[in-house]
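Sequential numbering from 22 applies to the sequence shown in the working numbering.
Glycine included, C-beta positions come from ideal geometry on N, C-alpha and C.
Since we're looking at a predicted model, the values are computed, not measured.
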Amino acid sequence: MKSHSFPSTRRFSAPIHADSPLLAFEQLALMVMQVDLGMHRSQILEYIRTVLPIVIQLKRGERGHRYISEIYFRRIGTI
């Protein structure tokens with residue numbers, strides 16, 4: 022099994038296009054899998070859920086205004 026090293030955790034925001042916060046984790050896992058780090062999907066998802074404590078889902082409403090439709094927030098000490 023390959024040894025993996027990840028960069029230190031930093032605060033950032035980046036758009037990921039998905040229909041829900043939980044599907045955003047799946048979308049991000051698929052993007053990582055395309056890089057072929059030799060990790061299994063379950064390992065990638067576990068890591069993503071560890072380093073991303075919050076995901077905010079934005080939707081576009083009438084007249085084109087964006088609004089927060091859902092928030093995923095991981096409780097401290099859980100994955």
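So which of Asp40, Ser34, Phe46 and Met60 has the shortest CA-CA distance to threonine 71?
The count along the sequence shown starts at 1 and reaches residue 71 at position 50. Ranking Asp40, Ser34, Phe46 and Met60 by CA distance to the CA of threonine 71 puts Phe46 first.
Work out the CA separation of isoleucine 69 and alanine 50 for me, nearest whole Å.
Taking the sequence shown and counting its residues from 1, one reaches residue 50 at position 29. Taking the sequence shown and counting its residues from 1, one reaches residue 69 at position 48. Distance from the CA of alanine 50 to the CA of isoleucine 69, rounded to the nearest whole angstrom, comes to 8 Å.
Would you mind stating whether proline 36 and tyrosine 93 have Cβ atoms separated by less than 8 Å?
Position 15 of the sequence shown, counting from 1, holds the residue named residue 36. Position 72 of the sequence shown, counting from 1, holds the residue named residue 93. Contact: no.
Could you give the residue range of the beta strand (DSSP E) that holds arginine 87?
Mapped onto the sequence shown, residue 87 falls at position 66. Arginine 87: member of the beta strand (DSSP E) spanning 87-94, first to last residue.
Distance CB(proline 74)-CB(arginine 95) smaller than 8 Å:
On the sequence shown, position 53 is the one that residue 74 refers to. On the sequence shown, position 74 is the one that residue 95 refers to. Yes, Cβ-Cβ distance for proline 74 and arginine 95 is below 8 Å.
Can you tell me whether isoleucine 97 is buried or exposed? The criterion is at least 16 other CB atoms within 10 Å of its CB, across all chains shown.
Taking the sequence shown and counting its residues from 1, one reaches residue 97 at position 76. The residue in question, isoleucine 97, is exposed, as its Cβ has fewer than 16 Cβ neighbours within 10 Å.
Buried versus exposed, by CB contacts within 10 Å (16 or more), isoleucine 65
Translated into positions along the sequence shown, residue 65 becomes position 44. Per the 10 Å Cβ criterion, buried.
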